[in-house]
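Student: Sending over a structure as structure tokens; questions will come in a sec.
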Amino acid sequence: MADSNAEPVKKTTVSTERTYNNGKTKVVTDKNSSSEKKKSFAERIEEILHPTPVEQPKVVLPTSSDEMNIMGSPVATQEQCVRYLLKNNPNPLLNTTPEELVNYYYEEASLEGIRPDIAFAQALKETGFFSYGGTVIPAQNNYCGLGTTSATVKGAFFESPRVGVRAHIQHLLAYVSTKNPATPVVDPRYSLVRGVYGSNTLNQWQDLNGRWAVPGVGYGQSILDYYHAILNS
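For the sequence shown, the positions run 1 to 233 when our numbering is used.
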């Protein structure tokens, strides 16, 4: 016989909350919904033990070996390069305009057969979108850390932005080709690199790991990350 003084049984509602990896979207489901009622106890346990994987952001990777080569023709446009720079730093510390600097990269790189769009991506990485803040200062027109071997060594100074870009391109050329630059050498370390490598050359940006930067783990891959961001800008 039921106890007339017993408290009524309260209906218990159990809710689950899933926060997706973007940190913004929350989905709350009521276990007493009609769809959940249809699931057996075993099915619910299975969901707890083996939850549906959350889809991770897709990482755009190079689609061909050509895209990873230091030498080659540009894919990104000059406009994309400028747009991506200004998106991340509306006031870059430059001694020229962003448009002129990008144009210098395309002109100088085309003389040597170097990818200007990815060389510019390297400059963005090296300078922090031309905000500097490290050893190199804007007055040096040094866009790739040339000669900066420690926190107290500022590295090379160049008389103009174009000459600074030319030195950057020539330094890349020193790694990838045995031919002499098309213009007079302004890279102070060009002969040093050529003397070390001789007839040996590098081909891809990943080959710069541990060479351009030390220890340089993932250095070349990170340059390509900047490049892909330029393409998506």
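In this text, a Cβ means the ideal position worked out from N, Cα and C, and glycines have one as well.
Please read all numbers here as calculations on a predicted model, not as lab measurements.
Would you check if the distance between the CB atom of A156 and the CB atom of L146 is smaller than 7 Å?
Tutor: yes
Student: Let me know the secondary structure DSSP gives E55 once reduced to three states.
Tutor: Low per-residue confidence applies at E55: pLDDT is 45, beneath 50, and the placement is therefore not dependable, though the value from the model is reported in the following sentence. E55 falls in the coil class under three-state DSSP.
Student: Locate the alpha helix (DSSP H) running through Y143, then write down its first and last residues.
Tutor: Premise fails: Y143 is in no alpha helix (DSSP H) and is neither H nor E.
Student: Identify, in the order they occur along the chain, each residue of the same chain with its Cβ nearer than 8 Å to the Cβ of L86, setting aside the five sequence neighbours on each side.
Tutor: P92, P98
Student: Let me confirm a value: I230 is counted as buried when at least 16 other C-beta atoms fall within 10 Å, else exposed. Which label applies?
Tutor: Per the 10 Å Cβ criterion, buried.
Student: Measure the CB-CB distance between V136 and T149 and report whether it falls below 7 Å.
Tutor: In this structure, the beta-carbon distance from V136 to T149 does not fall below 7 Å.
Student: Can you give me the Cβ contacts of T96 inside the same chain, cut-off strictly under 6 Å, excluding the 5 residues immediately before and after it?
Tutor: Setting aside the 5 residues that flank it on each side, T96 is surrounded in the same chain by P161, each with a C-beta closer than 6 Å to its C-beta; the list follows chain order.
Student: Can you list, in chain order, the residues of its chain whose CB lies under 7 Å from that of S80, leaving out five sequence neighbours each side?
Tutor: This sequence places Gln at residue 80; Ser is not what is there. Cβ neighbours of Q80 beyond the five flanking positions: I230, L231, S233.
Student: Ignore the nearest five residues each way along the sequence and tell me which others in L124's own chain have a CB closer than 7 Å to its CB.
Tutor: L85, Y226
Student: Need the endpoints of the alpha helix (DSSP H) that F158 sits in, please.
Tutor: Counting along the chain, F158 falls outside any alpha helix (DSSP H), and DSSP gives it neither H nor E.
Student: Give me the Cβ distance between A213 and I169, rounded to the nearest whole Å; I'm assuming they're in contact under 8 Å.
Tutor: Going by Cβ atoms, the distance from A213 to I169 rounds to 18 Å, so no, they are not a contact pair.
Student: Quick check on N141: buried or exposed, where buried means 16 or more other Cβ atoms within 10 Å of its Cβ?
Tutor: Classification for N141: buried.
Student: Ignore the nearest five residues each way along the sequence and tell me which others in Y219's own chain have a CB closer than 7 Å to its CB.
Tutor: L208, N209, W212, A213
Student: Are there 16 or more other CB atoms within 10 angstroms of the CB of N32, so buried, or fewer, so exposed?
Tutor: Because the pLDDT of N32 is 45, which lies under 50, any placement of that residue in the model is unreliable, and the number read from its coordinates should be weighed accordingly. Burial call: exposed.
Student: Hey, quick one: how far does the alpha helix (DSSP H) through T96 stretch, first residue to last?
Tutor: No alpha helix (DSSP H) contains T96, which DSSP labels as neither H nor E.
Student: Whose C-beta lies closer than 7 Å to the C-beta of L111 among residues of the same chain, with five residues either side of it excluded?
Tutor: A182, T183
Student: Go ahead and pull the three-state DSSP assignment for N180.
Tutor: coil
Student: Taking just the CA atoms, how far does E43 sit from W205?
Tutor: 49 Å
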